[in-house]
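Undergrad: In the numbering used here, the protein residues as written are 665 to 797. For each residue, glycine too, the CB sits at the ideal point set by N, CA and C.
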């Protein structure tokens with residue numbers, strides 16, 4: 665029998681019926697459903713059927729839980745990716761806004777400087793064409 669890797673000291677390889685045993689919740693897809701053995705005592709038979717039904721429900725809940733956890737992890741990863749993308753986009757918008765603000769401030773400074781020069785040359789009493797807009 666081939667092993668998948670080195671075994672730890674003191675561990676044994678499962679053989680025979682041990683492979684068939686599967687504790688509840690380990691791998692419900694591979695587990696065969698158990699059948700209640702009839703004892704002839706109605707109360708005991710009913711209780712055994714109830715136990716088997718509850719075990720089946722427990723396996724179904726374990727599968728549902730795993731599916732939900734997988735969905736949550738996947739959703740969380742997608743959300744983190746989307747948040748990172750949006751943060752990058754916001755930073756781009758902020759940088760564009762800063763550049764635009766600097767350009768507007770520079771143009772405003774030039775306009776004020778030109779108005780000042782114009783008022784020095786023409787005089788403060790004459791209205792400039794830009795003021796009429």
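#1: So what does DSSP say about residue 768, is it helix, strand or coil?
#2: Hey, out of 723, 728 and 699, whose CA is closest to residue 712's CA?
#3: Can you tell me whether residue 743 is buried or exposed, with buried defined as 16 or more other CB within 10 angstroms of its CB?
#4: State the DSSP-derived secondary structure class of residue 733, mapped to helix, strand or coil.
#5: Determine the DSSP secondary structure at residue 705, reduced to helix, strand or coil.
#6: Rounded to the nearest angstrom, what separates residue 707 and residue 727 at their Cα positions?
#7: Inspect the beta-carbon positions of residue 702 and residue 710 and report whether they are closer than 8 angstroms.
#8: Once you ignore the five residues that flank residue 685 on each side, which residues in its own chain have a CB closer than 6 angstroms to its CB?
#9: Please classify residue 766: is it buried, with 16 or more other beta-carbons within 10 angstroms of its beta-carbon, or exposed?
#10: By a C-beta neighbour count over all protein chains shown, 10 Å radius and 16 as the cutoff for buried, is residue 723 buried or exposed?
TA: Concretely, from the data shown:
#1: Within the chain shown, residue 768 is the residue found at index 104, counting from 1. Helix.
#2: In the chain shown, residue 712 corresponds to position 48, counting from 1. With distances taken between Cα atoms, residue 712 lies closest to 699.
#3: Reading the chain shown from its first residue, position 79 is the one you call residue 743. With fewer than 16 other Cβ atoms within 10 Å, it is exposed.
#4: As a working mapping, residue 733 is identified with position 69 in the chain shown. In this structure, residue 733 counts as helix in the three-state DSSP scheme.
#5: Here residue 705 refers to the residue found at position 41 of the chain shown. Residue 705 falls in the coil class under three-state DSSP.
#6: Here the question's residue 707 lines up with position 43 in the chain shown. Here the question's residue 727 lines up with position 63 in the chain shown. Their backbone Cα atoms lie some 30 angstroms apart in a straight line.
#7: Stepping through the chain shown from its first residue, residue 702 is reached at position 38. Stepping through the chain shown from its first residue, residue 710 is reached at position 46. Their beta carbons are not under 8 angstroms apart, which means residue 702 does not touch residue 710 by this criterion.
#8: Sequence index remark: in the chain shown, residue 685 carries index 21 (1-based). Model confidence at residue 685 stands at a pLDDT of 48, short of 50, so the residue's coordinates are unreliable; what they give is reported in the following sentence. So the list is empty, once near-sequence residues are dropped.
#9: Here residue 766 refers to the residue found at position 102 of the chain shown. Exposed.
#10: The residue you call residue 723 lines up with position 59 of the chain shown. Residue 723 comes out buried.
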